[in-house]
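Chemist: Below is a structure I'd like to ask you about.
Protein chains: 2
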Amino acid sequence: MEIPKELRESGLKATLPRLKILELFQRAEHSAPNGTRHMSAEDVYRHLLNENLEVGLATIYRVLMQFAEAKILLRRQFDGERAVFEINASEHHDHMVCVSCGKVEEFFDKAIEERQMLLARQRGFTLRDHSLSLYGLCQDCATRDRGSPGAALSGAMLSQHSPSGSARLNLKSHK
Amino acid sequence: MEIPKELRESGLKATLPRLKILELFQRAEHSAPNGTRHMSAEDVYRHLLNENLEVGLATIYRVLMQFAEAKILLRRQFDGERAVFEINASEHHDHMVCVSCGKVEEFFDKAIEERQMLLARQRGFTLRDHSLSLYGLCQDCATRDRGSPGAALSGAMLSQHSPSGSARLNLKSHK
DNA sequence: ATGAAATTGAGAATTGATCGCATCTGTAGA
DNA sequence: TCTACAGATGCGATCAATTCTCAATTTCAT
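Laid out in structure tokens, this is it:
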């Protein structure tokens, strides 16, 4: 009776890896700044390791895929980056991604949603899903860059404190 | 004096691979249906082979990257798919992608663009770029599927006449 | 024409992600 | 509670897309 309803309803067995992964995303849901909300498979892997739980990467990929299919998680893929997942709890939203520090902010705009539906309808297009991401500098990075221009956007140095992976275009440097 | 201004202005040397790749995208610009407009590195590779021009894949990836940096081409990355490129000639636009046949339609909506700018401004976000893609069934596929439901969305059979790659989620079957 | 600098091509290497399979483990039913 | 077995895991192999390495070739300013 400790089995979370998300798992029960999905038909997936309540295994340790699944329970822990679900819990991880649920805890991260309201992690305030710099979205630990959005985690890649590797992010999850490392988080679990920190909790002294060794789960095979393959398992993590599998579970993330199953959770996404079950609508427990949402899979997001920002421009050239690895896939990240977030818990599917809050309302639908789109994202603003800082290309400097990697921070992900969420937003929702009714007007945009409505225009999308209208445009699709006009073309006889049956809308299933959509993905809208704005890329640029978050307030903090814009401010900092104004102070010492030139240093910014090299990205390399900044990729350290990038939460779930790295800034866009910064495709190297992991592990 | 045959050197296209795109190359001249980019500072890139006018080599055969570059000339041919540029020409390919320029010719494809107005290819009417089912975007040959959007081509992956492999697509380009195959097209050049058809013209009896063997260019190493590595070179194609390099040139595409350079062209994207020079704003000659635009790199697009639809959900789980490989990167595709299109010539950066026409006005800015976003995309509707058919998840069944892979067709890519383009659209532009002033209202959406304006909302995006407004939302970014409200959050102190310096907008650099954005990506909006609508996923669903194009008119043709929606009509066909209504005729013989169930058959659709298996995707596999359809991936053949998919122009630049394959339908979304159909990550296998290439070469 | 000449040489420094840029570019290419072939293959090796990386990276993110998936697969195959032998071994475990939840969980429904006895 | 016990048990059988479908389902799940973990490991390593594998895959696909992309990038890197480096020697050989080509471009272009002089």
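Residue numbers (the numbering used here), protein chains in the order written: chain A, 1 to 175; chain B, 1001 to 1175.
Glycine included, C-beta positions come from ideal geometry on N, C-alpha and C.
Quick caveat, the model's predicted, so the values are computed rather than measured.
Go through the region 1101 to 1145 of chain B residue by residue and report every complete run of the alpha helix (DSSP H) that reaches 4 residues or more, in order.
Modeler: With a minimum length of 4 residues, the continuous alpha helix (DSSP H) runs that stay inside the region 1101 to 1145 of chain B are 1110 to 1122.
Chemist: Just confirm the distance between the C-beta atoms of residue 1077/B and residue 79/A, as a whole number of angstroms; I'd bet it's less than 8 Å.
Modeler: The pair is a contact, with the Cβ atoms about 6 Å apart (cut-off 8 Å).
Chemist: At a Cβ cut of 8 Å, what residues of the region 1046 to 1066 of chain B count as close to chain A, listed as they run along the chain?
Modeler: From the region 1046 to 1066 of chain B, no residue has a Cβ closer than 8 Å to chain A.
Chemist: So, helix, strand or coil for residue 197/A, using DSSP?
Modeler: In this structure chain A extends from 1 to 175, so residue 197/A is not present and cannot be described.
Chemist: Grab the span of the alpha helix (DSSP H) containing residue 1016/B for me, first residue to last.
Modeler: First-last of the alpha helix (DSSP H) with residue 1016/B: 1016 to 1028.
Chemist: In angstroms with no decimal places, state the Cα-to-Cα distance between residue 68/A and residue 74/A.
Modeler: For residue 68/A and residue 74/A, the distance between alpha carbons rounds to 5 Å.
Chemist: Relative to chain A, which residues along the region 1128 to 1141 of chain B have a C-beta separation below 7 Å, given in chain order?
Modeler: Against chain A - using a Cβ distance shorter than 7 Å - the residues of the region 1128 to 1141 of chain B are 1128, 1129, 1130, 1131, 1132, 1133, 1134, 1135, 1136, 1137, 1138, 1139.
Chemist: Rounded to the nearest angstrom, what separates residue 115/A and residue 1107/B at their Cα positions?
Modeler: Those two C-alpha atoms are separated by around 12 Å.
Chemist: Rounded to whole angstroms, what is the Cα-Cα separation between residue 2/A and residue 15/A?
Modeler: Distance between the alpha carbons of residue 2/A and residue 15/A is about 12 Å.
Chemist: Please classify residue 126/A: is it buried, with 16 or more other beta-carbons within 10 angstroms of its beta-carbon, or exposed?
Modeler: Buried.
Chemist: DSSP puts residue 84/A in a beta bridge; with which residues?
Modeler: In DSSP, residue 84/A forms a bridge with 76/A.
Chemist: At which residues does the beta strand (DSSP E) containing residue 1055/B begin and terminate?
Modeler: Unbroken run through residue 1055/B: none, as it is neither H nor E.
Chemist: I need the straight-line Cα distance from residue 1023/B to residue 6/A, nearest angstrom please.
Modeler: Near 53 Å, if we compare the C-alpha coordinates of residue 6/A and residue 1023/B.
Chemist: Taking 8 Å as the threshold, find out whether the region 56 to 63 of chain A comes into contact with the region 1054 to 1065 of chain B through three or more Cβ pairs.
Modeler: No: fewer than three Cβ pairs fall under 8 Å.
Chemist: Taking a Cβ distance cut-off of 7 Å, strictly less, list which residues of the region 1075 to 1091 of chain B are near chain A, in chain order.
Modeler: Cβ contacts with chain A come from 1077, 1079, 1080.
Chemist: Around the C-beta of residue 1143/B, are 16 or more other C-beta atoms found within 10 angstroms, so that it is buried, or is it exposed?
Modeler: By the 10 Å Cβ count, residue 1143/B comes out exposed.
Chemist: Which two residues bound the contiguous alpha helix (DSSP H) that contains residue 5/A?
Modeler: Its alpha helix (DSSP H) spans residues 5 to 10.
Chemist: Name the chain B residues whose beta carbon is nearer than 8 Å to that of residue 120/A?
Modeler: Here the neighbours are 1096, 1134, 1136.
Chemist: Taking residue 99/A as the query, report the chain B residues whose CB atoms sit under 7 Å from its CB, ordered along the chain.
Modeler: Simply 1128.
Chemist: Chain A beta carbons: is any one of them nearer than 8 Å to that of residue 1014/B?
Modeler: Output row for residue 1014/B: interface = no.
Chemist: Examine chain A for any beta-carbon lying closer than 8 Å to the beta-carbon of residue 1102/B, and answer yes or no.
Modeler: Taking Cβ atoms only, chain A never reaches closer than 8 Å to residue 1102/B, which makes this a no.
Chemist: Just to make sure I have the definition right: I need the residues of chain A whose C-beta is within less than 7 Å of the C-beta of residue 1042/B. Which are they?
Modeler: Per Cβ cutoff of 7 Å: no residues; residue 1042/B is ~17 Å from chain A at best.
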